[in-house]
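A.B. asks:
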Amino acid sequence: VQDNLRMGLAIKPGGTLIPTELFELFPVLKQMLQRRGGDLSGGQQQQLAIARALAAGPKLLMLDEPTEGIQPSIIKDIGRVIRMLADRGMRGGQPMAIVLVEQFYDFAAELADQYLVMERGEVVQRGRGKDMEAEGARQQTTTAAHRTPRQAHGAARARRQAEARLRHVLRDLAEARERFARLLGIAF
């Protein structure tokens, strides 16, 4: 666990300490610092992954289905952390921008300031989070969930294509970060 959290500090100067706020956000991690990340439960691994992403103090946090396969009590903990980060960021700093990709409607609806519903890689609905229910976003997502196998296969293919586009964008961002770091003389 400790090594995983240190990996999140890779862009910081050597000797940077793991932010204690991570253990305030996810207390279970402090108890398990010496355990192997792979020995944690699924929910604990998800908390560790989020804490690792937060270690460097990002301004943007991207989460892909953080509730998948997680027990309800940990889903609530993760939701509480996401809301707090969106509202005030780390250590009372600037609010953090969070991109949440989620199929669990109620979780997404609770947290969304803005929302997009996608189908086959295309945006089919968007709006303010507080208007999701009134604008029929639940129905839109339920319709998508009840497709025929052929439709589901097409949706899965579209999702893979969207994921590939996202990986491409993330790769481009990483390359830009590396170029920027070289310009500033910073090593990653």
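Our numbering puts the first residue of the sequence shown at 1408, with every later residue one more than the last. Glycine included, each C-beta is placed from N, C-alpha and C at the ideal position.
Note down, in chain order, each residue of its chain lying with its Cβ closer than 7 Å to the Cβ of Thr1548, except the 5 sequence neighbours on either side.
C.D. replies: Translated into the one-based positions of the sequence shown, residue 1548 becomes position 141. Hits under 7 Å: Tyr1512, Val1524.
A.B. asks: Within 8 Å of any Cβ in chain C, is that where the Cβ of Phe1511 sits?
C.D. replies: Going by chain labels, chain C is absent from the structure shown, which holds only one protein chain.
A.B. asks: Could you give the first and the last residue of the continuous alpha helix (DSSP H) run that contains Val1435?
C.D. replies: To locate residue 1435, count along the sequence shown from 1; it is residue 28. Unbroken alpha helix (DSSP H) run through Val1435: 1434-1438.
A.B. asks: Check whether the Cβ atoms of Val1488 and Met1439 lie closer than 8 Å to each other.
C.D. replies: Within the sequence shown, residue 1488 is the residue found at index 81, counting from 1. Within the sequence shown, residue 1439 is the residue found at index 32, counting from 1. No, Cβ-Cβ distance for Val1488 and Met1439 is not below 8 Å.
A.B. asks: Report the rounded CA-to-CA distance for Arg1554 versus Glu1526, giving the unit in angstroms.
C.D. replies: Working through the sequence shown from its first residue, we reach residue 1554 at position 147. Working through the sequence shown from its first residue, we reach residue 1526 at position 119. Note that Arg1554 scores a pLDDT of 49, beneath 50, so its modelled location is shaky and nothing firm can be said.
A.B. asks: When you compare the stretch 1575-1592 with the stretch 1476-1493, are there three or more beta-carbon pairs, one atom per stretch, that lie closer than 8 Å?
C.D. replies: Flag = no, the stretch 1575-1592 and the stretch 1476-1493 do not touch.
A.B. asks: Give me the Cα-Cα distance between Glu1509 and Arg1495, rounded to the nearest whole angstrom.
C.D. replies: To locate residue 1509, count along the sequence shown from 1; it is residue 102. To locate residue 1495, count along the sequence shown from 1; it is residue 88. Cα-Cα distance, rounded: 22 Å.
A.B. asks: Tell me the residue span of the alpha helix (DSSP H) that contains Leu1412.
C.D. replies: Along the sequence shown, one-based indexing puts residue 1412 at 5. Taken as a continuous stretch (DSSP letters only), the alpha helix (DSSP H) holding Leu1412 covers 1409-1414.
A.B. asks: Report yes if the CB atom of Lys1419 is closer than 8 Å to the CB atom of Ala1460, and no otherwise.
C.D. replies: Residue numbering aside, residue 1419 sits at position 12 when the sequence shown is read from its first letter. Residue numbering aside, residue 1460 sits at position 53 when the sequence shown is read from its first letter. Not a contact, by the Cβ cut-off of 8 Å.
A.B. asks: Whole angstroms is fine: what's the gap from Val1506's alpha carbon to Leu1470's?
C.D. replies: Residue numbering aside, residue 1506 sits at position 99 when the sequence shown is read from its first letter. Residue numbering aside, residue 1470 sits at position 63 when the sequence shown is read from its first letter. If you take the alpha carbons of Val1506 and Leu1470, they lie about 6 Å apart.
A.B. asks: Of the choices Asp1520, Arg1443, Ile1457, Ala1417, whose alpha-carbon is the least far from that of Leu1429?
C.D. replies: Position 22 of the sequence shown, counted from the start, is the residue given in the question as residue 1429. Closest by alpha carbon: Ile1457.
A.B. asks: Under three-state DSSP, which class holds Arg1554?
C.D. replies: The sequence position of residue 1554 within the sequence shown is 147, counting from 1. With a pLDDT of 49 at Arg1554, under the threshold of 50, the predicted position of this residue should be treated as unreliable, though the coordinate-derived value follows. Coil at Arg1554, not helix or strand.
A.B. asks: By Cβ distance below 7 Å, which residues in the same chain neighbour Glu1517 in space, the five residues on each side in sequence not counted?
C.D. replies: Reading the sequence shown from its first residue, position 110 is the one you call residue 1517. Only Gly1486 meet the Cβ criterion.
A.B. asks: Start and end of the beta strand (DSSP E) containing Asp1596?
C.D. replies: Given a span of 1408 to 1595 for the chain in the structure shown, any question on residue 1596 remains unanswerable.
A.B. asks: Helix, strand or coil: which one does DSSP assign to Ala1417?
C.D. replies: Here residue 1417 refers to the residue found at position 10 of the sequence shown. Here Ala1417 sits in coil by DSSP.
A.B. asks: How far does the alpha helix (DSSP H) with Gly1534 in it extend, from its first residue to its last?
C.D. replies: Position 127 of the sequence shown, counted from the first residue, corresponds to residue 1534. No alpha helix (DSSP H) contains Gly1534, which is instead part of the beta strand (DSSP E) from 1529-1535.
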